[in-house]
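A.B. asks: Starting off with a structure, shown below.
Number of protein chains: 2
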Amino acid sequence: MGYDLHEPAVSQGALSPGQLRALCRSGSYRGATAGIAPGFVQTNLVIVPRDWAFEFLLFCQRNPKPCPVIEVLEPGQITPRTAPGSDLRCDLPGYRVYRQGVLTDEPDNLVNLWQDDLVSFLIGCSFSFEAGLIAGGISLRHVNERKNVAMYRTNIACVPAGRLYGPLVVSMRPIKSTDVARAVEISARYPEVHGAPIHVGHPRALGISDLKLPDYGDAVDIRDDELPVFWACGVTPQSVAVASQMPLCITHAPGKMFVTDEAMPR
Amino acid sequence: MGYDLHEPAVSQGALSPGQLRALCRSGSYRGATAGIAPGFVQTNLVIVPRDWAFEFLLFCQRNPKPCPVIEVLEPGQITPRTAPGSDLRCDLPGYRVYRQGVLTDEPDNLVNLWQDDLVSFLIGCSFSFEAGLIAGGISLRHVNERKNVAMYRTNIACVPAGRLYGPLVVSMRPIKSTDVARAVEISARYPEVHGAPIHVGHPRALGISDLKLPDYGDAVDIRDDELPVFWACGVTPQSVAVASQMPLCITHAPGKMFVTDEAMPR
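Heads up: the protein sequence lines correspond to chains A and B, in order. Using our numbering, count along the first sequence one by one with no gaps and you end on 266. Using our numbering, count along the second sequence one by one with no gaps and you end on 532.
So, in structure tokens, the structure goes:
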């Protein structure tokens with residue numbers, strides 16, 4: 001709340017994942033991470049108390065398109081194997097705290113909120129394959145305009161797990177109609193970061209009435225020669241935290257991802 | 267303990283999964299399931315109390331080669347989505363009960379043991395791709411000789427998860443050296459039932475000193491023109507139950523799998 005998403009702290013392409021995390025930790029970077037440290041796996045962050053961890057992991061197992069699990073940390077642990085030396089409590093540009101299904105806070109870090117029973121889940125993010133799309137000659141408007149990607153709640157129900165249920169969230173990228181098939185082919189190579197799109201072309205089929213009003217992130221224009229293409233999104237757990245009225249669920253702020261040291265496969 | 271593995275109740279190839287499950291339920295079939303109902307997904311069964319469910323699912327997530335998750339049931343539930351009308355408590359040919367890491371019983375069914383807090387996991391079994399190997403012209407000795415497959419504990423430690431740790435278990439099939447590459451290619455198509463082998467040729471590299479003495483199942487001969495080929499095995503959780511001294515872990519008896527209604531992809 002109140003941060004400028006469009007403030008490149010330094011020349012973005014030059015940042016390594018570790019440099020970006022250090023900038024976040026010192027409070028120097030609060031922007032979205034699309035286009036930052038291209039070629040490295042970016043992840044959504046979901047943190048739940050230990051007594052919700054089984055149901056959340058089961059939710060991921062049953063909903064692998066929105067929730068591909070990259071890593072799960074032991075209770076209380078803060079340093080993923082995929083980013084040695086990192087600290088999940090302060091190495092992201094922004095966080096959200098949901099209590100009883102209500103967004104109650106957007107803190108800069110989690111240092112004061114941390115509890116030893118918290119279990120952290122890293123879930124693949126579609127920002128990870130954007131470098132592949134760009135290398136394939138597919139232009140991405142939100143990257144070019146330094147915006148956050150547009151995300152929407154859909155009318156598609158996820159498969160429930162225990163007490164957890166809620167609607168699928170999608171990210172949307174306008175793609176030239178001549179490039180749609182190739183965008184599908186390229187993203188399909190990366191199932192661990194959402195893989196192929198779940199829908200092409202008709203937002204109303206997903207229950208999205210107005211693309212100009214995303215539920216998370218920033219709207220972008222769609223030109224006449226383009227189609228809106230929708231990928232399953234790792235913000236889905238945030239819609240689930242709300243729908244299921246989880247007592248406590250801590251996440252990244254949408255679009256402000258954790259960037260790991262794992263290179264994307266080529 | 268004491269069952270004859272080699273008692274084909276009926277013409278095996280003719281059995282549907284539902285027919286096999288009905289024979290198990292009535293007590294008419296207590297044999298191994300290799301070669302039975304070919305072309306359908308067979309699974310290992312692991313049942314743990316609710317308060318071990320997160321760690322066991324996390325163990326599977328961290329060890330996908332031995333523990334590819336096909337389905338996880340809600341606590342207390344007994345009928346998987348992949349086999350409508352079935353009952354996991356009595357539709358397998360045999361069960362094992364581990365308490366505090368000790369094999370204490372091999373019951374015919376779990377009806378008297380059942381508790382509402384038990385969570386059932388179905389884990390892919392390599393028997394599922396054997397029909398594909400046979401269709402590819404690769405002969406399987408344990409199927410031809412109506413034996414259980416040979417399984418061995420290795421010196422490879424699985425990735426721990428919480429309180430759970432233990433050695434990888436493998437199944438072994440003698441394969442003609444001219445067929446090894448094709449056996450790898452065919453099984454690699456099916457990652458959800460262990461996929462490609464983890465090792466070819468040198469049992470000592472896995473800490474196996476004598477192939478004639480399997481830890482589970484039946485030994486088979488290896489001929490001069492053959493190599494022993496090792497696949498990750500869903501009996502691994504049984505070695506983990508022992509190593510980790512789990513208070514309670516209920517499983518299928520090795521080789522006596524749950525047969526689902528899911529057809530293998532071609």
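A virtual CB, placed ideally from N, CA and C, is assigned to each residue, including glycine.
Under a CB-based cut-off of 7 Å, is PHE524 of chain B close to chain A?
C.D. replies: In the second sequence, the residue the question calls residue 524 of chain B occupies position 258. Not an interface residue.
A.B. asks: Report buried or exposed for LYS478 of chain B, applying the criterion of at least 16 other Cβ atoms within 10 angstroms of its Cβ.
C.D. replies: Numbered from its first residue, the second sequence carries residue 478 of chain B at position 212. Burial call: exposed.
A.B. asks: Would GLY521 of chain B count as contacting chain A if we go by Cβ distances under 7 Å?
C.D. replies: Stepping through the second sequence from its first residue, residue 521 of chain B is reached at position 255. Cβ-Cβ to chain A under 7 Å: no for GLY521 of chain B.
A.B. asks: Alpha carbon to alpha carbon, how far is SER28 of chain A from PRO341 of chain B?
C.D. replies: Stepping through the first sequence from its first residue, residue 28 of chain A is reached at position 28. Stepping through the second sequence from its first residue, residue 341 of chain B is reached at position 75. So the alpha carbons of these two residues sit roughly 46 Å apart.
A.B. asks: Within 10 Å of its beta-carbon, does SER392 of chain B have 16 or more other beta-carbons around it, so buried, or fewer, so exposed?
C.D. replies: By 1-based counting over the second sequence, the position of residue 392 of chain B is 126. Buried: at least 16 other Cβ atoms inside 10 Å.
A.B. asks: Determine the burial state of ALA529 of chain B: buried for a count of at least 16 other Cβ atoms within 10 Å of its Cβ, exposed for fewer.
C.D. replies: Here residue 529 of chain B refers to the residue found at position 263 of the second sequence. Classification for ALA529 of chain B: exposed.
A.B. asks: Check whether the stretch 485 to 501 of chain B touches the stretch 325 to 333 of chain B, taking contact to mean three or more Cβ pairs, one atom from each stretch, closer than 8 Å.
C.D. replies: Counting Cβ pairs under 8 Å, three or more are found: they touch.
A.B. asks: When DSSP builds the beta bridges, which residues end up paired with GLN42 of chain A?
C.D. replies: Residue numbering aside, residue 42 of chain A sits at position 42 when the first sequence is read from its first letter. A:VAL259.
A.B. asks: Under 8 Å by Cβ, that's how I've got GLY360 of chain B and VAL307 of chain B pegged, so tell me the actual separation to the nearest angstrom.
C.D. replies: Residue numbering aside, residue 360 of chain B sits at position 94 when the second sequence is read from its first letter. Residue numbering aside, residue 307 of chain B sits at position 41 when the second sequence is read from its first letter. The Cβ separation is near 19 Å, so there is no contact.
A.B. asks: Can you list the residues of chain B that GLY162 of chain A reaches, using a CB-CB cut of under 7 Å?
C.D. replies: Residue mapping note: residue 162 of chain A aligns to position 162 of the first sequence, counting from 1. Within 7 Å Cβ-Cβ: GLU340.
A.B. asks: Hey, LEU15 of chain A and ILE36 of chain A: beta-carbon distance below 7 Å or not?
C.D. replies: Against the first sequence, residue 15 of chain A aligns to sequence position 15. Against the first sequence, residue 36 of chain A aligns to sequence position 36. In this structure, ILE36 of chain A lies closer than 7 Å to LEU15 of chain A by Cβ.
A.B. asks: Need the endpoints of the beta strand (DSSP E) that HIS252 of chain A sits in, please.
C.D. replies: Position 252 of the first sequence, counting from 1, holds the residue named residue 252 of chain A. Note, HIS252 of chain A: beta strand (DSSP E), 248 to 252.
A.B. asks: Measuring alpha carbon to alpha carbon, tell me which residue in B:PRO346, B:LYS442, B:PHE524 and B:ILE488 is nearest ILE404 of chain B.
C.D. replies: Locating residue 404 of chain B in the second sequence gives position 138, counting from the first residue. Of the listed residues, the one whose Cα sits closest to ILE404 of chain B is B:LYS442.
A.B. asks: Can you name the start and end residues of the alpha helix (DSSP H) that PHE230 of chain A belongs to?
C.D. replies: Stepping through the first sequence from its first residue, residue 230 of chain A is reached at position 230. That residue, PHE230 of chain A, is in no alpha helix (DSSP H); its beta strand (DSSP E) goes 226 to 232.
A.B. asks: Secondary structure at ASN155 of chain A, three-state DSSP: helix, strand or coil?
C.D. replies: Stepping through the first sequence from its first residue, residue 155 of chain A is reached at position 155. The answer is strand: DSSP assigns ASN155 of chain A an E or B state.
A.B. asks: Return the chain-ordered list of same chain residues with a C-beta closer than 6 Å to the C-beta of ARG25 of chain A, the five sequence neighbours on each side being excluded.
C.D. replies: Here residue 25 of chain A refers to the residue found at position 25 when the first sequence is read from its first residue. Answer for ARG25 of chain A: CYS90 and ASP91, listed in chain order.
A.B. asks: Cutting at 6 Å between CB atoms, please list the residues of its own chain near ASN63 of chain A, excluding the five before and the five after it.
C.D. replies: Working through the first sequence from its first residue, we reach residue 63 of chain A at position 63. For ASN63 of chain A, where only same-chain residues beyond five positions count, the Cβ hits under 6 Å are CYS158 and VAL159.
A.B. asks: Going by DSSP, what residue range makes up the alpha helix (DSSP H) through LEU23 of chain A?
C.D. replies: The sequence position of residue 23 of chain A within the first sequence is 23, counting from 1. 17 to 25 is the extent of the alpha helix (DSSP H) around LEU23 of chain A.
A.B. asks: Under a three-way DSSP split, which group does THR33 of chain A fall into?
C.D. replies: Translated into positions along the first sequence, residue 33 of chain A becomes position 33. It is coil, neither helix nor strand.
A.B. asks: CB LEU168 of chain A to CB ILE156 of chain A, shorter than 7 Å?
C.D. replies: Here residue 168 of chain A corresponds to residue number 168 of the first sequence, with the count starting at 1. Here residue 156 of chain A corresponds to residue number 156 of the first sequence, with the count starting at 1. Contact flag set, yes.
A.B. asks: Quick one: list the residues of chain A neighbouring VAL335 of chain B, beta-carbon separation under 8 Å, in chain order.
C.D. replies: Locating residue 335 of chain B in the second sequence gives position 69, counting from the first residue. Neighbours of VAL335 of chain B on chain A, chain order: GLN61.
A.B. asks: By Cβ distance below 7 Å, which residues in the same chain neighbour PRO463 of chain B in space, the five residues on each side in sequence not counted?
C.D. replies: Along the second sequence, read from residue 1 onward, the residue named residue 463 of chain B stands at position 197. These residues qualify, in order along the chain: VAL450, SER453, VAL495, PHE496 and TRP497.
A.B. asks: Per DSSP, what kind of secondary structure is ALA454 of chain B in: helix, strand or coil?
C.D. replies: Residue mapping note: residue 454 of chain B aligns to position 188 of the second sequence, counting from 1. It is helical.
A.B. asks: Got a sec: which bits of the stretch 351 to 362 of chain B sit with their beta carbon under 7 Å from any beta carbon on chain A, in order along the chain?
C.D. replies: none
A.B. asks: Judging by CA-CA distance, which residue of A:TYR216, A:LEU206, A:PRO203 and A:THR236 is the nearest neighbour of HIS194 of chain A?
C.D. replies: The count along the first sequence starts at 1 and reaches residue 194 of chain A at position 194. The residue with the shortest Cα to Cα distance from HIS194 of chain A is A:THR236.
A.B. asks: Around the Cβ of SER475 of chain B, are there at least 16 other Cβ atoms within 10 angstroms (buried) or fewer (exposed)?
C.D. replies: Here residue 475 of chain B refers to the residue found at position 209 when the second sequence is read from its first residue. With fewer than 16 Cβ atoms within 10 Å of its Cβ, SER475 of chain B is classed as exposed.
A.B. asks: Identify each residue in the stretch 304 to 323 of chain B for which the Cβ-Cβ distance to at least one residue of chain A is less than 8 Å, and report them in chain order.
C.D. replies: ARG316, ALA319, PHE320 and LEU323
A.B. asks: Measuring straight from C-alpha to C-alpha, what distance separates PHE224 of chain B and GLY18 of chain A?
C.D. replies: With chain B represented from 267 up to 532, any question about residue 224 of chain B goes unanswered, as that position is not in the structure.
A.B. asks: How many Å lie between ALA83 of chain A and THR260 of chain A at the Cα?
C.D. replies: For this step, residue 83 of chain A is matched to residue 83 along the first sequence. For this step, residue 260 of chain A is matched to residue 260 along the first sequence. In a straight line, the C-alpha of ALA83 of chain A is about 5 Å away from that of THR260 of chain A.
A.B. asks: With GLY207 of chain A as the anchor, note down where its beta strand (DSSP E) starts and where it stops.
C.D. replies: Against the first sequence, residue 207 of chain A aligns to sequence position 207. GLY207 of chain A -> no beta strand (DSSP E), and no H or E assigned at all.
A.B. asks: Hey, is PHE496 of chain B's beta-carbon within less than 7 Å of any beta-carbon in chain E?
C.D. replies: The structure shown contains no chain E; the protein chains it does contain are A and B.
A.B. asks: If you draw a straight line from the alpha carbon of PHE382 of chain B to that of GLN343 of chain B, how long is it in whole angstroms?
C.D. replies: For the purposes of this step, residue 382 of chain B is taken as the residue at position 116 of the second sequence. For the purposes of this step, residue 343 of chain B is taken as the residue at position 77 of the second sequence. At residue 382 of chain B the sequence reads Asp, which differs from the Phe that was named. So the two alpha carbons sit approximately 8 Å from each other.
A.B. asks: If you follow the alpha helix (DSSP H) that SER505 of chain B is in, where does it begin and where does it stop?
C.D. replies: To locate residue 505 of chain B, count along the second sequence from 1; it is residue 239. Segment 502 to 509, the alpha helix (DSSP H) holding SER505 of chain B.
A.B. asks: Starting from ARG407 of chain B, trace the beta strand (DSSP E) both ways and give me its first and last residue.
C.D. replies: As a first step, residue 407 of chain B must be located in the second sequence, where it is residue number 141. No beta strand (DSSP E) holds ARG407 of chain B; the alpha helix (DSSP H) holding it covers 407 to 410.
A.B. asks: Going straight from the alpha carbon of VAL363 of chain B to that of ALA507 of chain B, what length do you get?
C.D. replies: Stepping through the second sequence from its first residue, residue 363 of chain B is reached at position 97. Stepping through the second sequence from its first residue, residue 507 of chain B is reached at position 241. Approximately 10 Å, taken between the alpha carbons.
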